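Numbering (UniProt numbering), first residue to last: 1 to 237. Some notes on the structure that comes next.
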Ligand SMILES: Nc1ncnc2c1ncn2[C@@H]1O[C@H](COP(=O)(O)OP(=O)(O)O)[C@@H](O)[C@H]1O
Ligand SMILES: [Mg+2]
């Protein structure tokens, strides 16, 4: 697989074309952003840790029958993925109240959410990823009602697989964000699943072991990501 021109450099990853028009290479960088890119820092080892973390999770999801873009890990920081036409809508499921939900609705952090909630956000940094709904997505052509229904169903299937996986490592999957795209007309899970895009708490102490450590300046960010990875069986060596 030949790595060709850079197509896009995002906040945390770079996207390169390959000699196969149906395949892209995602390069996970050490760059870490928060507050829609307002705060940027480089955290040593993050690219490697997130690339391995994502590969492990994507394989678990694939095994559970969830279509993903993931083909294989190419190196410490690179993975080969299907070239998707991304849908600019982020799907968020929450099992426990935290982050934006607490701010928006004034509910108590840590409150169990039963049933888990499902939210849609427009992927647009300049607008700070505003919350949207099915009606707006349909009217503005971001996704069809059928695509949204499929994305929602897949996002909840991911919850069943990953809540269990993290529970076995003594971790609570608090919430997470997924991005989907189209590959030959089919809805496929894209982007990444890593502690950058979800919240994970220790089940006993409720210690935060995800990107909130960076957002809140708690330190030990990558150490926490590696701890989570080790607990679910990832080998970072
Ligand atoms: N399989 C894929 N095909 C095409 N684009 C993808 C795929 N997976 C992820 N992307 C896109 O590549 C970019 C990854 O880089 P990232 O640093 O996360 O960017 P951003 O700052 O836009 O979130 C994202 O915009 C994401 O939507
Ligand atoms: Mg991103």
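C-beta atoms are modelled at their ideal positions from N, C-alpha and C, and glycine is treated no differently. Keep in mind that this is a model prediction, so the values were computed, not measured.
DSSP on residue i, reduced to helix/strand/coil?
i: residue 211; result: coil
i: residue 111; result: coil
i: residue 45; result: coil
i: residue 1; result: coil
i: residue 57; result: helix
i: residue 13; result: strand
i: residue 143; result: coil
i: residue 23; result: strand
i: residue 38; result: coil
If we ignore side chains and look at the alpha-carbon of each, how far apart do residue i and residue j end up?
i: residue 59; j: residue 169; result: 17 Å
i: residue 178; j: residue 78; result: 20 Å
i: residue 202; j: residue 101; result: 20 Å
i: residue 172; j: residue 198; result: 11 Å
i: residue 110; j: residue 4; result: 45 Å
i: residue 193; j: residue 106; result: 27 Å
i: residue 42; j: residue 215; result: 13 Å
i: residue 92; j: residue 129; result: 12 Å
i: residue 104; j: residue 90; result: 17 Å
i: residue 230; j: residue 146; result: 38 Å
i: residue 40; j: residue 33; result: 4 Å
i: residue 182; j: residue 83; result: 9 Å
i: residue 196; j: residue 213; result: 10 Å
i: residue 225; j: residue 217; result: 15 Å
i: residue 22; j: residue 204; result: 44 Å
Could you say which of the options lies nearest to residue i if we only look at CA atoms?
i: residue 127; options: 88, 153, 146; result: 88
i: residue 19; options: 80, 138, 218, 75; result: 80
i: residue 153; options: 226, 97, 117; result: 117
i: residue 114; options: 129, 212, 95, 132; result: 95
i: residue 36; options: 234, 225, 190, 11; result: 11
i: residue 187; options: 67, 219, 157, 218; result: 67
i: residue 141; options: 86, 190, 195, 1; result: 86
i: residue 243; options: 132, 44, 120, 135; result: Any question about residue 243 goes unanswered here, given that the chain covers just 1 to 237.
i: residue 166; options: 212, 61, 82, 97; result: 61
i: residue 13; options: 2, 23, 21, 46; result: 46
i: residue 180; options: 139, 144, 99; result: 144
i: residue 112; options: 23, 132, 175; result: 175
i: residue 200; options: 125, 124, 99; result: 99
At 4 residues or longer, and completely inside the stretch 157-233: list those alpha helix (DSSP H) runs for me, N to C. 212-215, 221-231
Does the stretch 67-85 touch the stretch 157-169, meaning 3 or more C-beta pairs lie closer than 8 Å? no
Can you list the beta strand (DSSP E) stretches of 3 or more residues lying completely in the stretch 68-126, in chain order? 70-73, 78-82, 85-96, 112-122
Below 8 Å, can you find three or more Cβ-Cβ pairs linking the stretch 43-54 to the stretch 19-29? In this structure the stretch 43-54 touches the stretch 19-29; the number of beta carbon pairs closer than 8 Å is three or more.
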